[in-house]
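The sequence shown begins at 19 in our numbering and counts up by one. Idealized CB from N, CA, C, for every residue including glycine. In what follows, a structure is listed as structure tokens, so that the remarks can point back to it.
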Amino acid sequence: MSEPVPAIMQAVEAVGFGLDQLRIVQRPVPGPRRGEILIRLGAATLNYRDLALLKGAYRAGLRFEKPFIPASDACGVVVALGPEVTRFKPGERVIPVYTQGWIDGRPTPEMRAGRTLGFPLDGVLRDYVAVPAEDAVHAPASLSDLGAATLPIAALTAWTTLQAGGLRPGQWVLAMGTGGVALFTLQFAKLAGARVAVISSSDEKLARAQALGADATVNYRDNPDWAPLIREATDGRGVDIVVETAGTLSNALKAVAFGGFVGVVGFAGGSLAELDVRQVIGPLIRLQGMAPGSRSSFEAMNRAIAQHGLTPVVDEVFPLERAADAFARLDSGTHFGKIGINFARKADTG
Numbered sequence: 019m020s021e022p023v024p025a026i027m028q029a030v031e032a033v034g035f036g037l038d039q040l041r042i043v044q045r046p047v048p049g050p051r052r053g054e055i056l057i058r059l060g061a062a063t064l065n066y067r068d069l070a071l072l073k074g075a076y077r078a079g080l081r082f083e084k085p086f087i088p089a090s091d092a093c094g095v096v097v098a099l100g101p102e103v104t105r106f107k108p109g110e111r112v113i114p115v116y117t118q119g120w121i122d123g124r125p126t127p128e129m130r131a132g133r134t135l136g137f138p139l140d141g142v143l144r145d146y147v148a149v150p151a152e153d154a155v156h157a158p159a160s161l162s163d164l165g166a167a168t169l170p171i172a173a174l175t176a177w178t179t180l181q182a183g184g185l186r187p188g189q190w191v192l193a194m195g196t197g198g199v200a201l202f203t204l205q206f207a208k209l210a211g212a213r214v215a216v217i218s219s220s221d222e223k224l225a226r227a228q229a230l231g232a233d234a235t236v237n238y239r240d241n242p243d244w245a246p247l248i249r250e251a252t253d254g255r256g257v258d259i260v261v262e263t264a265g266t267l268s269n270a271l272k273a274v275a276f277g278g279f280v281g282v283v284g285f286a287g288g289s290l291a292e293l294d295v296r297q298v299i300g301p302l303i304r305l306q307g308m309a310p311g312s313r314s315s316f317e318a319m320n321r322a323i324a325q326h327g328l329t330p331v332v333d334e335v336f337p338l339e340r341a342a343d344a345f346a347r348l349d350s351g352t353h354f355g356k357i358g359i360n361f362a363r364k365a366d367t368g
């Protein structure tokens with residue numbers, strides 16, 4: 019049975035660039051249209067993309083034509099169905115897919131340009147969201163709403179990149195930093211029987227990464243030219259897969275093994291990189307831009323998470339009305355794992 023749904027909900031709007039441009043507003047609760055489900059959200063998490071959008075650093079020349087609701091990653095409960103929905107039932111816990119319409123295979127340019135949650139589509143920092151039933155997946159039963167809300171971008175990007183790199187047991191993987199994508203890279207690679215090197219600017223964070231299973235660690239603040247240390251840790255061979263989240267492509271290419279794979283995921287350290295193509299051609303390196311995967315990949319990843327009992331790493335959780343503080347925490351770079359938003363307004367660390 020569907021639960022009562024209010025007419026008005028609380029939401030966070032961005033009215034311009036800057037964390038001081040976030041506003042708590044009241045909006046009408048959307049009704050599910052044909053083929054849609056209405057989700058009462060329980061938790062959300064933030065990604066670097068969300069921060070870059072708010073700071074005006076995501077894309078050159080980007081302008082907002084109207085206020086928008088930030089963030090793409092959330093989990094909640096289905097409370098109402100639009101006509102012709104058979105994929106879900108009221109009461110089921112679900113996660114919206116970041117790239118709406120990407121069911122399987124490769125995405126189209128139209129999907130990547132115009133069908134992503136958190137911009138240009140309104141995001142999830144609101145009490146209720148309506149999405150096409152085809153663009154949501156069941157949440158793993160092993161995870162709380164908060165744990166499941168970490169998955170759509172950070173986990174799925176790590177999963178997709180490792181799959182594209184052809185991860186096998188015994189290989190070496192390099193994870194950059196200790197944010198969401200990096201820690202999911204570490205966790206998934208260890209589940210697959212691989213060895214993982216982690217780089218970070220903090221010895222404390224590196225110690226925590228070791229506790230999660232990291233086999234080698236390097237402080238890149240103390241060692242700006244860190245690639246030789248990664249090669250030393252891998253007996254001179256280099257890593258088989260690099261999940262490149264930092265925008266430090268030159269060092270990544272020096273650290274990867276002959277015939278290895280570099281999946282370019284993010285640009286936390288800057289979006290401009292000098293590239294000597296001889297570093298790619300000579301050692302036969304595969305270099306590929308990456309994005310979160312399809313709904314089919316999401317479902318496969320969720321099965322693996324449930325089977326192995328993987329627990330996402332959450333740094334700190336904020337109530338919805340403190341969304342600006344949550345973004346400031348992400349912007350500080352001091353976090354370890356994901357930053358959460360709890361709609362229930364109570365502690366939840368699952």
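In whole angstroms, what is the alpha-carbon distance linking Arg239 and Leu99?
By 1-based counting over the sequence shown, the position of residue 239 is 221. By 1-based counting over the sequence shown, the position of residue 99 is 81. When the Cα atoms are used, Arg239 and Leu99 turn out to be separated by approximately 51 Å.
Can you find at least 3 beta carbon pairs, one from the segment 52–71 and one from the segment 94–111, that sit closer than 8 Å?
Taking 8 Å as the limit for Cβ pairs, the verdict is that the segment 94–111 does touch the segment 52–71.
Within 8 Å, strictly: CB atoms of Gly195 and Thr263:
As a first step, residue 195 must be located in the sequence shown, where it is residue number 177. As a first step, residue 263 must be located in the sequence shown, where it is residue number 245. Cβ atoms of Gly195 and Thr263: closer than 8 Å.
Can you give, in chain order, each stretch of the alpha helix (DSSP H) that sits fully within the segment 36–112 and has at least 4 residues?
Taking only runs of at least 4 residues, the alpha helix (DSSP H) segments lying wholly in the segment 36–112 are 66–73.
What first and last residue would you give for the beta strand (DSSP E) that runs through Met308?
Here the question's residue 308 lines up with position 290 in the sequence shown. Looking at the DSSP string, Met308 is not in any beta strand (DSSP E), and its letter there is neither H nor E.
With 16 other Cβ atoms within 10 Å as the buried cut-off, status of Ile121
For the purposes of this step, residue 121 is taken as the residue at position 103 of the sequence shown. Burial call: exposed.
contact_flag[the segment 208–221, the segment 67–78] where n(CB pairs < 8 Å) is 3 or more:
Under the three-pair Cβ rule at 8 Å, the segment 208–221 does not count as touching the segment 67–78.
Taking the CB atoms as reference points, tell me whether Ala154 and Pro50 lie closer together than 8 Å.
Here residue 154 corresponds to residue number 136 of the sequence shown, with the count starting at 1. Here residue 50 corresponds to residue number 32 of the sequence shown, with the count starting at 1. No. Outside cutoff.
So, at 8 Å on beta carbons, what are the nonlocal neighbours of Ala29 in its own chain, with the 5 sequence-adjacent residues on each side left out?
Counted from its first residue, the sequence shown places residue 29 at position 11. Cβ neighbours of Ala29 beyond the five flanking positions: Ile42, Val43, Gln44, Arg45, Ile87, Leu143, Arg144 and Asp145.
Write down the C-beta distance between Leu64 and Phe345 rounded to the nearest angstrom, noting that I regard them as a contact closer than 8 Å.
For the purposes of this step, residue 64 is taken as residue 46 along the sequence shown, with counting starting at 1. For the purposes of this step, residue 345 is taken as residue 327 along the sequence shown, with counting starting at 1. Their Cβ separation, rounded to whole angstroms, is 6 Å, which keeps Leu64 and Phe345 in contact under 8 Å.
In its own chain, which residues sit with a C-beta less than 7 Å from the C-beta of Ala251, not counting the 5 before and 5 after it?
Stepping through the sequence shown from its first residue, residue 251 is reached at position 233. The beta carbon of Ala251 lies closer than 7 Å to those of Ala215 and Ala234 in the same chain, with the five residues before and after it left out.
Check the DSSP bridge columns for Lys356 and list the partner residues they point to.
If you number the sequence shown from 1, residue 356 lands on position 338. Looking at the DSSP output, Lys356 sits in a beta bridge with Val332.
Which listed residue (Ser218, Gly123, Asn269 and Lys84) has its alpha carbon closest to that of Pro310:
In the sequence shown, residue 310 corresponds to position 292, counting from 1. If you compare the alpha carbons of Ser218, Gly123, Asn269 and Lys84 with that of Pro310, the shortest gap goes to Gly123.
Given this structure, state the Cα-to-Cα distance separating Ser315 from Ala32, to the nearest angstrom.
As a first step, residue 315 must be located in the sequence shown, where it is residue number 297. As a first step, residue 32 must be located in the sequence shown, where it is residue number 14. Computed Cα separation, rounded: 31 Å.
Contacting residues, own chain, Cβ-Cβ under 6 Å from Glu21 (five flanking each side not counted)
Translated into positions along the sequence shown, residue 21 becomes position 3. Within the same chain, Glu21 has close Cβ partners Val97.
Starting from the N-terminal side, write out each stretch of the beta strand (DSSP E) that is 3 residues or longer and does not extend beyond the segment 112–138.
DSSP runs (the beta strand (DSSP E)) wholly in the segment 112–138: none.
Does Asp412 come out as helix, strand or coil in the three-state DSSP assignment?
The structure shown does not extend to residue 412, since the chain spans only 19 to 368, so no value can be given for it.
Pull up the DSSP beta-bridge partners for Gly281, would you.
As a first step, residue 281 must be located in the sequence shown, where it is residue number 263. Val261 and Gln306, per the DSSP bridge assignment.
Same chain only: Cβ atoms within 8 Å of Leu174, ignoring 5 sequence neighbours per side
Within the sequence shown, residue 174 is the residue found at index 156, counting from 1. Counting only Cβ-Cβ distances below 8 Å, and skipping sequence neighbours, we find Tyr116, Pro310, Gly311, Ser315, Phe316 and Met319.
Are there 16 or more other CB atoms within 10 angstroms of the CB of Thr352, so buried, or fewer, so exposed?
Position 334 of the sequence shown, counted from the start, is the residue given in the question as residue 352. With fewer than 16 other beta carbons inside 10 angstroms of its own, Thr352 counts as exposed.
For Val335 and Gly368, the rounded distance between their alpha carbons:
Numbered from 1 along the sequence shown, position 350 holds the residue referred to as residue 368. Numbered from 1 along the sequence shown, position 317 holds the residue referred to as residue 335. For Gly368, the predicted model reports a pLDDT of 43, less than 50, meaning its position is unreliable; a value from the coordinates is still stated below. Cα-Cα distance, rounded: 11 Å.
Close-in-space but distant-in-sequence residues of the same chain around Leu8 (CB under 6 Å, 5 per side omitted)
Coverage of the chain is limited to positions 19 through 368, which leaves residue 8 absent and any answer about it impossible.
Reducing DSSP to helix, strand and coil, say where Glu31 ends up.
Numbered from its first residue, the sequence shown carries residue 31 at position 13. In the structure shown, Glu31 falls within a strand segment according to DSSP collapsed to helix, strand and coil.
Count the other C-beta atoms from every protein chain shown that fall within 10 angstroms of the C-beta of Ser350, then say buried if there are 16 or more, exposed otherwise.
As a working mapping, residue 350 is identified with position 332 in the sequence shown. Ser350 should be labelled exposed.
Is the segment 150–165 in contact with the segment 291–301, if contact means three or more CB pairs nearer than 8 Å?
The segment 150–165 vs the segment 291–301: no contact.
Return the bridge partner residues of His156 from the DSSP annotation.
For the purposes of this step, residue 156 is identified with residue 138 of the sequence shown, where counting begins at 1. Partner(s): Val112.
Out of Leu271, Gln39 and Val332, state which residue places its alpha-carbon closest to the alpha-carbon of Leu164.
Numbered from 1 along the sequence shown, position 146 holds the residue referred to as residue 164. Ranking Leu271, Gln39 and Val332 by Cα distance to Leu164 puts Val332 first.
Just checking my contact of Thr126 with Met308 at CB under 8 Å: how many whole Å lie between their CB atoms?
Counting from 1 along the sequence shown, the entry for residue 126 is found at position 108. Counting from 1 along the sequence shown, the entry for residue 308 is found at position 290. That belief does not hold up - the Cβ atoms of Thr126 and Met308 are roughly 17 Å apart, past 8 Å.
Alpha-carbon spacing of Ala25 relative to Pro48, whole angstroms:
On the sequence shown, residue 25 is found 7 positions in, with the first residue counted as 1. On the sequence shown, residue 48 is found 30 positions in, with the first residue counted as 1. Looking at the two C-alpha atoms, the distance is approximately 8 Å.
Is the separation between the beta-carbon of Arg347 and that of Ile359 shorter than 8 Å?
By 1-based counting over the sequence shown, the position of residue 347 is 329. By 1-based counting over the sequence shown, the position of residue 359 is 341. No, these two residues do not count as a Cβ contact at 8 Å.
Close beta carbons around Asn237, own chain, < 7 Å, minus the five adjacent residues each side
Here residue 237 is taken as the residue at index 219 of the sequence shown, counted from 1. In its chain, beyond the 5 residues on either side, Ser218, Ser219, Asp221 and Leu224 have a beta carbon closer than 7 Å to the beta carbon of Asn237.
Close beta carbons around Leu69, own chain, < 7 Å, minus the five adjacent residues each side:
Working through the sequence shown from its first residue, we reach residue 69 at position 51. Once the five neighbours on either side are set aside, the close Cβ partners of Leu69 are Phe345, Leu348 and Asp349.
Nearest-angstrom Cα distance between Leu182 and Val280?
Position 164 of the sequence shown, counted from the first residue, corresponds to residue 182. Position 262 of the sequence shown, counted from the first residue, corresponds to residue 280. Sequence inspection shows Ala at residue 182; the Leu mentioned does not correspond to that position. Going by the C-alpha atoms only, they are around 10 Å apart.
Does the distance from the C-beta atom of Lys73 to that of Phe35 stay below 8 Å?
On the sequence shown, position 55 is the one that residue 73 refers to. On the sequence shown, position 17 is the one that residue 35 refers to. Result yes, Cβ atoms of Lys73 and Phe35 sit closer than 8 Å.
I need the DSSP call for Arg255, collapsed to helix, strand or coil.
In the sequence shown, the residue the question calls residue 255 occupies position 237. Here DSSP, grouped into helix, strand and coil, assigns Arg255 to coil.
To the nearest angstrom, how far is the alpha carbon of Lys272 from that of Val199?
Within the sequence shown, numbered from 1, the residue matching residue 272 stands at position 254. Within the sequence shown, numbered from 1, the residue matching residue 199 stands at position 181. Computed Cα separation, rounded: 21 Å.
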